[in-house]
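Scroll down for the structure; my scribbles are underneath it.
6 protein chains.
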Amino acid sequence: MAIPVYDSAPSLQFGGALTEMPSYEAAAAVILPAPLDRTTSYISGTRNGPRELIAASAQVELWDEELGADVHERGIFTLPEMELASGTMQAALAGLQRVAGQVFDAGKFLITIGGEHSITSPIVAAAAARHRGLTVLQIDAHADLRDSYQDDRDSHACAMRRTLEHARIVQVGIRNISAEEVDALPGLETTIFYDWNMRNDPAWIAKAVDALSPAVYVTIDLDGLDPATMPAVGTPEPGGLSWRELTGLLRRTFEQRTVVACDVVELCPIPGLVSPNFIAAKLVYKLLTYKFKS
Amino acid sequence: MAIPVYDSAPSLQFGGALTEMPSYEAAAAVILPAPLDRTTSYISGTRNGPRELIAASAQVELWDEELGADVHERGIFTLPEMELASGTMQAALAGLQRVAGQVFDAGKFLITIGGEHSITSPIVAAAAARHRGLTVLQIDAHADLRDSYQDDRDSHACAMRRTLEHARIVQVGIRNISAEEVDALPGLETTIFYDWNMRNDPAWIAKAVDALSPAVYVTIDLDGLDPATMPAVGTPEPGGLSWRELTGLLRRTFEQRTVVACDVVELCPIPGLVSPNFIAAKLVYKLLTYKFKS
Amino acid sequence: MAIPVYDSAPSLQFGGALTEMPSYEAAAAVILPAPLDRTTSYISGTRNGPRELIAASAQVELWDEELGADVHERGIFTLPEMELASGTMQAALAGLQRVAGQVFDAGKFLITIGGEHSITSPIVAAAAARHRGLTVLQIDAHADLRDSYQDDRDSHACAMRRTLEHARIVQVGIRNISAEEVDALPGLETTIFYDWNMRNDPAWIAKAVDALSPAVYVTIDLDGLDPATMPAVGTPEPGGLSWRELTGLLRRTFEQRTVVACDVVELCPIPGLVSPNFIAAKLVYKLLTYKFKS
Amino acid sequence: MAIPVYDSAPSLQFGGALTEMPSYEAAAAVILPAPLDRTTSYISGTRNGPRELIAASAQVELWDEELGADVHERGIFTLPEMELASGTMQAALAGLQRVAGQVFDAGKFLITIGGEHSITSPIVAAAAARHRGLTVLQIDAHADLRDSYQDDRDSHACAMRRTLEHARIVQVGIRNISAEEVDALPGLETTIFYDWNMRNDPAWIAKAVDALSPAVYVTIDLDGLDPATMPAVGTPEPGGLSWRELTGLLRRTFEQRTVVACDVVELCPIPGLVSPNFIAAKLVYKLLTYKFKS
Amino acid sequence: MAIPVYDSAPSLQFGGALTEMPSYEAAAAVILPAPLDRTTSYISGTRNGPRELIAASAQVELWDEELGADVHERGIFTLPEMELASGTMQAALAGLQRVAGQVFDAGKFLITIGGEHSITSPIVAAAAARHRGLTVLQIDAHADLRDSYQDDRDSHACAMRRTLEHARIVQVGIRNISAEEVDALPGLETTIFYDWNMRNDPAWIAKAVDALSPAVYVTIDLDGLDPATMPAVGTPEPGGLSWRELTGLLRRTFEQRTVVACDVVELCPIPGLVSPNFIAAKLVYKLLTYKFKS
Amino acid sequence: MAIPVYDSAPSLQFGGALTEMPSYEAAAAVILPAPLDRTTSYISGTRNGPRELIAASAQVELWDEELGADVHERGIFTLPEMELASGTMQAALAGLQRVAGQVFDAGKFLITIGGEHSITSPIVAAAAARHRGLTVLQIDAHADLRDSYQDDRDSHACAMRRTLEHARIVQVGIRNISAEEVDALPGLETTIFYDWNMRNDPAWIAKAVDALSPAVYVTIDLDGLDPATMPAVGTPEPGGLSWRELTGLLRRTFEQRTVVACDVVELCPIPGLVSPNFIAAKLVYKLLTYKFKS
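Chains as they are written, first to last, in this note's numbering: chain X, 2 to 295; chain D, 2 to 295; chain C, 2 to 295; chain W, 2 to 295; chain H, 2 to 295; chain L, 2 to 295.
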C-alpha cells in the first residue's frame with residue numbers, strides 16, 4: 002500500500018515548487034526547520050519562523066544576479082519541521098545535535114532555521130566535533146553571553162555563552178550587552194565588533210573576516226539587521242547592519258573561508274507583514290549561492 | 002545514506018505532535034492539504050488555509066467530551082501539502098482526483114482541506130466512481146451553481162454545478178444565489194435548504210438528513226457558518242449556521258448515513274486572529290470523531 | 002474637451018461594477034457617502050466607513066433570496082463622497098441638510114452612509130420638513146440623548162437629542178444610557194426598547210413597529226448589532242440584535258409603514274477584517290430590497 | 002518634596018477618569034491587575050490583558066440600565082499592576098496570596114484581572130482561609146483539572162486542580178477535557194456542567210447556582226464565552242456561553258449567594274481589535290454592579 | 002433634475018479637499034486610478050492601491066520645500082477609478098490605452114496609479130504613438146522581461162517585455178531577474194542598472210539619465226524602493242533605492258528631459274500601516290512638482 | 002489601613018521591573034506620561050503612546066555599550082499617566098505647565114512622553130521661566146509653525162509657533178512646511194535645517210549645536226526619524242534622520258550644552274508592531290544616559 006505520489010513536489014519545502022524535490026542522497030544542501038520557542042522574551046512567535054520563511058521562499062528568484070548563478074540545481078533538501086514544543090529543553094537540544102551530526106556525516110551543507118537562538122549551541126557542538134579549530138561568526142544585536150538568565154542556562158540570552166563551550170566566536174553588530182556580560186568578557190574567547198563604532202572603520206568587514214579561522218560556522222540572529230529592514234524579531238534594537246553590509250560581510254567570508262554550516266534564527270513573523278519573511282528567505286538562498294557559486 | 006529520523010513525529014501534521022505519526026498503512030484516516038487558490042474573489046488567502054489549520058490542530062484536545070471518545074488512535078496520517086499554485090487548473094484538478102482515488106482504494110477515510118471550493122468536484126468524481134448513488138451534503142452560504150463565472154467553468158462560483166455532474170446534492174445554509182442560478186434550478190438535481198427559512202422548521206436537520214442517500218460525501222464551505230463565528234472566509238455572508246447547528250447536523254448525518262469522505266474548504270486566515278483557524282481544526286477533528294466513535 | 006468615458010461604470014459606487022451606472026434622473030435610490038468623523042470617542046475611523054462599505058458592496062449578490070427579487074434595476078445612484086473633514090461642524094451639518102433636501106425634492110429614496118451618528122439630525126430635519134408626523138426608528142446600543150457632551154451639543158453622544166428637535170423617536174436595542182439621560186427621559190418624546198428586556202417579549206418586533214407613525218425614517222447605528230457580528234464600531238457593547246432580529250424588524254417596518262429615508266452609521270473599519278464591511282454593505286442592499294421589492 | 006498632584010485622577014485606573022480616584026480606605030472594591038503570563042500555550046499575550054482591559058474601562062458607562070444603578074460611588078480603587086514577569090513562579094503565587102489576603106482583611110471586595118488562570122489558586126487559598134465552606138464558581142471552556150502539564154504543576158492547565166486543594170468547584174461551560182482528567186473526576190470535589198448538554202436543560206442556571214454553598218468565589222476564564230463574542234483568548238473553543246447566559250448566571254449567583262471575590266482571566270488582546278477588551282471591562286463592571294446594587 | 006452640488010470638492014480626489022476641484026479643461030495634470038489586479042502573485046491587494054493612495058494624499062503638504070513651489074494651482078484633475086475587475090484582460094488593457102490617448106490628446110500630463118505593472122504597456126503604447134523616440138525609465142526591483150509567465154503574456158512578470166514592443170527602456174534598481182530573462186537580454190533594447198553594483202559608481206544617476214532620449218515615460222514600481230521604506234508591495238526584495246536616491250534620479254530626469262507621463266504601480270496596502278500609502282502619495286506629488294515647478 | 006506593598010516594584014514604570022522603584026525624593030530623573038490626543042489628524046492613537054512606550058521599556062538594556070555606563074541607578078521615577086482626555090484644552094495645558102514646574106523646582110531632569118506635540122509649549126514655558134535664554138532643539142519632519150490650524154491655535158500643527166512665545170528654536174529634519182509658514186518665517190526666531198539639504202553639509206550636526214544657547218530644551222517628534230525606522234507616527238514623511246544621525250546630534254548636544262528637559266512625542270502605536278515602541282523607549286533611555294553618563 003503506497004503513499005500517493007504527487008505530480009510535482011509538495012509545497013512546503015525551501016524554494017517552493019518550481020522544481021522537483023531532489024532525493025536526500027543527491028542534495029548538496031539540507032534545510033532543517035527548528036521552531037524552538039521556549040524562552041524568547043517580549044513577544045513570542047519564533048515558533049512560526051520556519052513555517053513562514055519556507056512559505057515565503059517560494060517567491061525567491063533562483064537566479065542570483067549578483068553572482069550570475071543558479072545554485073538550486075546542486076540540490077536543496079528540506080527536512081520536515083522538528084517537533085520541539087514539548088518534552089524537556091535538554092532533550093530538544095540533544096535531538097538537534099544528533100540530527101545535525103547525521104547531516105554533517107552525510108557530507109551535506111546544513112542551514113538550520115530557527116526558532117530561538119538556543120538552537121545554535123548544539124549544532125555548533127556537532128560541527129566543532131568534526132572541524133578542528135572552528136570559529137563562529139555571529140551577526141546579532143545582542144551579545145547573548147550571560148551565563149544564566151532567570152535561572153536558566155539554556156535561555157536564548159545565554160546562547161553564545163553556551164556556544165563558547167565549543168568554539169571561539171567573532172561577534173558583529175552588537176548593540177545590547179549587559180554590565181554582567183561586560184565584566185565577564187576578559188575571560189571569554191570572543192572578539193566583539195560593536196555596532197556603534199565598527200562602521201567608523203571602513204575596513205571593518207575585512208577585519209571581521211581576518212579574525213576568523215579557516216573553518217567557520219555562521220549564525221545570523223535576524224535582529225543583527227537594522228529593524229527598519231527586519232522588524233520581525235522579538236527584541237528589535239535600533240541601529241544594526243543594512244542588507245548591503247550583511248551580504249558584503251557574508252560574501253567575503255564565504256570567499257576567504259570554508260563555511261561548514263549556517264543558521265538563521267529569531268524570525269518572529271508579524272501577522273499581515275510578509276516583507277520580513279521574504280527577506281529572511283532570500284538571505285537563506287544568498288547563503289546557498291555564496292556557498293555553491295563556484 | 003538515511004534521512005535523519007527525529008525523536009518524535011515532525012510537527013506539521015494534523016493533531017500536532019502529541020503522538021507518533023502512524024504509518025500510512027496503519028492509519029484509518031488521511032488528511033490531504035490542498036491549498037488551491039486561483040479564482041477566489043475579494044480577498045485571497047485560501048492558499049494559507051491548510052497550513053494554518055494544521056498548525057492550529059496541535060491545540061485540539063484529543064478527547065471528545067460530547068461522545069466520550071478519543072479516536073486519534075485509529076490513526077490519522079497527514080499527507081504533504083500538494084503544490085497547486087502553478088500549472089493548469091485542469092492538471093491540478095486531475096491530480097486531486099487521482100490522489101483521492103488512491104486514498105479511497107486503500108480503504109482510508111479522506112478529509113481534504115482547502116483551498117477553494119473548486120477542489121470538491123474532482124474528489125466527488127473519485128468517490129462517486131466507487132459509491133453508487135452517492136449524495137453530497139453541502140454546507141455553504143453560496144449555491145455555487147453557476148455554469149460558468151467570468152468565462153471560467155472551474156471557478157469556485159461553479160463548484161457545485163461541476164459537482165452535480167457526478168452526484169446529487171443537498172444544500173444547507175444557502176443565503177447567496179443569483180437570478181441566473183435560480184432560473185437553472187428546475188433542471189438540477191439539488192435540494193436547497195435556504196438559511197432564511199430553514200430554521201423556521203424545528204425539524205430541518207431531520208429533513209436534511211432524510212434527503213440524503215445511504216452513501217454521503219460532506220463538503221463544508223466554512224462560510225456556511227455565521228461569520229460571527231467564522232469571519233475568516235473570502236466572501237462572508239451574515240446569517241448562517243451556529244456551531245451547535247452545524248455539529249448537530251453532522252452528528253445525525255454520521256449516525257444515520259455512511260459518510261465516505263469530507264472536505265473543509267475556503268478557510269482564508271486573517272493575520273493576527275487565530276480563533277477561526279482553531280475552530281476549523283476542531284471541526285475536522287469532530288468529523289473524525291463522528292466517523293470513528295463506535 | 003470631454004472627460005474620457007470608460008467602457009464600464011467606474012468602480013467606487015454602491016453595488017460595484019456589475020452594471021452600468023444609471024443616470025441620476027433614472028435612479029430611484031441615492032446613496033450619499035458622508036464620512037463625518039469629528040467627535041467619535043475611543044477609536045477613530047468612521048471617516049473610512051463609507052469608502053470601505055462601498056468597496057465591499059461590489060461583492061453583494063444582487064438577487065435577494067429572501068424576497069426573490071433583484072431591485073438594482075430600479076437604479077441606484079452613488080453620489081461622490083462629501084468632504085466633511087474641515088470647516089466648522091455647523092457648516093458640515095447644514096451642507097448635509099441641504100443635499101438631503103435636494104435628493105428628497107427629486108423624489109429619490111435616500112440612504113446616507115456614515116460617518117458618525119451626528120449626521121442623522123440634519124437629514125431628519127430635511128425629511129421632517131417634507132413628511133408631517135415623521136417618526137424615527139433608531140437601532141442602536143446607545144441612547145445618544147445627552148443634551149451636550151464635553152461641552153459639545155453636536156457630539157455623536159447627543160445625536161438623538163438633536164434629532165428629537167425634529168421628530169419623535171422609537172429606540173431599539175439600547176444597552177448604554179447614562180444617569181443624566183435617564184433623568185431627562187420623562188420630558189422627551191421617545192419610546193425605548195431596552196436590549197436586556199425587550200426580547201423577553203416575543204412580540205417586541207410587532208410592538209416596536211406599532212409605535213411608529215405612518216412615515217418613518219430609519220437610522221441604524223451598527224453598534225446596535227451584537228459585536229460578535231459587528232465588531233467594527235467605535236464603542237462596542239455586548240448584547241444587541243442578531244442579523245435575524247435586525248432584518249426581521251426592518252422587513253416588518255417596510256411592510257407596514259412608509260420608510261422615507263435611512264442611514265447606516267458608525268462603521269469603523271478594522272484593518273485586515275473585511276467581514277464587518279461586507280455585512281454593512283449587505284444591510285444597505287437589504288434596505289433597498291425591502292423598499293423596492295414590490 | 003511632594004510628588005506633583007494632578008488636577009484629576011490619573012488615567013490608568015478602572016473606570017477611566019470620569020471621577021476622582023477614591024482613597025484606598027474609602028473604596029468598597031479593589032481591582033488588582035495581575036499580568037501573570039508564563040505557561041499560556043499557543044499564543045501568548047495575557048500579560049497585556051490587565052493593561053488593555055483597564056484602558057478600555059474608560060469607555061464603560063457607569064449607569065447600569067439593567068439594574069438601574071450606578072455603583073461607582075461605592076469607590077473602586079485600582080492597585081498598580083503587579084510585576085510578575087521575573088522571579089520564580091512560587092514567589093509570584095505567594096505574592097498574590099499575600100496581597101489578596103491583605104485586601105480581604107481590609108474588608109474590600111476584590112476583583113483580580115489576569116493574566117493566566119494560574120492566579121486563581123493562591124487567591125482562592127486566601128479567600129478560603131477567611132470563608133469556611135467556600136465554593137468556587139468557574140466559567141470556562143477547559144476543565145483545567147490536570148494534576149500536572151509538561152511536568153509543571155503550576156501550569157494554567159492545572160489551575161483548577163490546584164484550586165481544588167482549597168475549595169469545592171462548580172464548573173460551567175466546559176467543552177475541553179482530557180481523557181486523563183475524566184479518569185480523575187470520581188475522586189475530585191467538582192460538579193461539571195458540560196457545554197454540549199447543559200443548555201438542553203432550561204433550568205441549568207438554577208441548578209448551577211443550587212450547587213453552590215453560601216459563600217462563593219467566582220472565576221471567569223474568558224474562553225468560557227462563545228469565541229464569536231470573545232475571540233481574544235489563548236485557546237478559543239467553539240460553543241460556549243452567550244453574553245446573555247453569562248450575565249444571567251452571574252446575576253442569579255449574586256442575588257442568591259454571597260460572592261466574596263472574583264477574577265477575570267486569560268484576556269489575550271488581539272492587536273487592532275478593541276471589542277474583546279471592552280467586553281471584558283464591561284464584565285468587570287457588571288460584577289461590581291451585581292455586588293453593590295442594593 | 003440636477004445632481005446636488007456640494008459646498009466643497011468631494012473628498013476622494015488626489016490632494017484631498019483643501020481646494021476646489023478644477024474643471025477637466027483647466028487642469029494641467031490628470032490622475033488616473035487603475036486598480037488592475039489579476040496576476041499579482043504572493044499577496045494580492047494592488048486593487049486597493051489607488052483608493053488608499055488617494056485617501057492618503059489628503060495629508061500631503063502642497064508646498065514643496067525642496068523646490069520652493071506649490072504646483073497644485075496648475076490644476077490636478079482626478080478621474081474616477083476605472084473598473085478593471087471583470088471582463089477580459091485584453092479589454093482592460095485596450096480601455097487603458099484608449100483613455101490614456103484621450104488624456105494625451107487633451108494636452109494633459111498623465112499620472113496613472115496602479116494596480117499591477119501590466120498597466121504600463123498600453124499607456125506607453127499610447128504615449129509612443131504621440132512621441133517619436135520615446136524612452137521608458139523604469140524604477141523596479143524586477144526586470145519583468147519574461148516573454149510569458151504561467152502561459153500568460155499579459156502577466157505583470159512580462160510587463161516590460163510587452164512595453165519593449167513600443168519603446169526602448171532604461172531599468173534602474175533591478176535585483177531580481179531570471180536565467181531565462183538574462184538569456185534573452187542580448188536581443189532586447191534595454192539598459193539595466195543592477196542594484197548590487199550601480200551604486201558603486203557615484204555617477205550612476207547621471208549615467209542613467211544620459212541613457213534616456215529627449216522624451217521620457219517614467220514607470221515606478223514601488224518595489225524599486227528599499228522595502229524598509231516601502232514594505233507594501235507584493236514581492237518585496239531587500240536592497241533597492243532610498244527615498245533620497247529615487248527623488249534625486251527623478252529630479253535630474255525632469256530637469257534634463259521632457260517627461261510626458263508617469264505611472265506609480267504595485268502599491269499593495271498593508272492593513273493598519275498607513276506609512277507606505279502616504280509615501281506613495283507624496284511620490285506622486287513630487288512628480289507633479291518636478292514637472293510643473295518652473 | 003495600608004495599601005498592600007508588593008514584593009517588587011509595580012510593572013508599568015519606565016525601565017520595567019528590574020529594580021525597585023526609587024522614591025521620588027531620591028530620583029534624579031522623572032518620566033511624565035502625557036497622552037494628550039485631541040487634534041492629531043489622519044490616524045489617531047497618540048493617546049496610546051505613553052502606555053506602549055513604557056511597556057516596551059522593560060526590554061531596554063540598562064547598560065549603554067556606547068558610553069559604557071548604566072545610569073538607572075541615578076533614579077528614574079515614573080509619574081502616573083495624566084488624564085488628558087476630557088476637560089478643556091486650556092486646562093490640560095495649564096495642568097502640564099504646573100506639573101512640569103513642580104518637577105523642575107524639585108531639581109529633577111524631566112522627560113515627558115506624548116501624546117501629541119501640543120504638550121511641548123506649556124512645558125517649555127515652565128522651563129523658560131527657570132532658565133533665562135533657553136533654546137529649544139526640535140527634531141521633526143514638520144515645522145509646526147502655523148499660527149492657527151482649522152481655527153485652533155492649540156493644534157499640534159501650531160505647536161512650535163506657540164513654543165516660540167517662550168523660547169527661540171532650532172529646527173532639524175524639516176521636510177514639511179506650508180507656504181503660509183514660509184511667508185511668516187522672516188518674523189520668527191527660528192533656525193531651520195531642512196532635511197533635503199542639511200546632509201549635503203557634513204558639518205550639519207556641529208552647526209545645529211552651535212546654533213543653540215547654553216541651556217537647551219530638546220523636543221523630539223518621532224516623525225523626525227526616517228519612517229522606515231519609525232512608521233508609528235500620525236503623519237509620516239519620507240526622508241528624515243537615521244538612528245545614527247539622531248543619536249549623534251543628541252550626544253553632541255548633551256556634551257556641549259546643558260539640556261534641562263526633553264520630550265518625546267507623537268508615538269502612534271501600530272497594533273501588532275512592537276519595533277517602533279521599543280525604539281522610542283530606547284531613545285528615552287539614551288537621553289537619560291547622555292544626561293547622566295558623567
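Backbone N, C-alpha and C fix where the C-beta goes; we use that ideal spot for every residue, glycine too.
Item: Extent of the continuous beta strand (DSSP E) to which residue 34 of chain D belongs; Value: 30 to 35
Item: Range of the contiguous beta strand (DSSP E) that encloses residue 112 of chain L; Value: 110 to 115
Item: Within-8 Å CB hit, residue 179 of chain C to chain W; Value: yes
Item: Own chain partners of residue 243 of chain X with C-beta closer than 8 Å, once the 5 adjacent residues on each side are dropped; Value: 226, 227 and 230
Item: Enclosing alpha helix (DSSP H) for residue 164 of chain X [first to last residue]; Value: 160 to 164
Item: 8 Å CB neighbourhood of residue 55 of chain L in its chain, flanking five on each side removed; Value: 13, 14, 15, 32, 34, 79, 114 and 282
Item: Top-ranked residue by Cα proximity to residue 66 of chain D, from W:135, W:144 and W:130; Value: W:144
Item: Neighbour list for residue 82 of chain L in chain W, Cβ cutoff strictly below 8 Å; Value: 11, 12 and 13
Item: Status (buried if at least 16 other CB within 10 Å, exposed otherwise) for residue 201 of chain D; Value: exposed
Item: Minimum Cβ-Cβ distance from residue 150 of chain W to chain D less than 8 Å; Value: no
Item: Span of the alpha helix (DSSP H) around residue 136 of chain H; Value: Where residue 136 of chain H is concerned, there is no enclosing alpha helix (DSSP H), although the beta strand (DSSP E) it sits in stretches over 136 to 140.
Item: Runs of beta strand (DSSP E) wholly within the segment 38 to 88 of chain H (minimum 3 residues, chain order); Value: 77 to 79
Item: Assigned secondary structure, residue 255 of chain X (DSSP; H/G/I helix, E/B strand, else coil); Value: helix
Item: Beta carbon proximity, residue 292 of chain H to chain L, threshold 8 Å; Value: no
Item: Residue 211 of chain W: first and last residue of the uninterrupted alpha helix (DSSP H) it sits in; Value: 205 to 211
Item: Rounded distance between the beta-carbons of residue 153 of chain H and residue 94 of chain H, thought under 8 Å; Value: Not really, about 12 Å apart at Cβ, beyond 8 Å.
Item: Which listed residue (L:166, L:68, L:160 and L:50) has its alpha carbon closest to that of residue 180 of chain X; Value: L:68
Item: Enclosing beta strand (DSSP E) for residue 291 of chain D [first to last residue]; Value: Here residue 291 of chain D belongs to no beta strand (DSSP E); instead the alpha helix (DSSP H) covers 276 to 293.
Item: Reduced DSSP secondary structure (H/G/I, E/B, other) of residue 105 of chain L; Value: helix
Item: First and last residue of the uninterrupted beta strand (DSSP E) at residue 216 of chain W; Value: 216 to 222
Item: Straight-line gap, residue 221 of chain C to residue 48 of chain C (C-alpha atoms, nearest Å); Value: 17 Å
Item: In DSSP terms, what residue 143 of chain H is bridged to; Value: H:177
Item: Where the beta strand (DSSP E) through residue 124 of chain X begins and ends; Value: Counting along the chain, residue 124 of chain X falls outside any beta strand (DSSP E), though it belongs to the alpha helix (DSSP H) covering 121 to 129.
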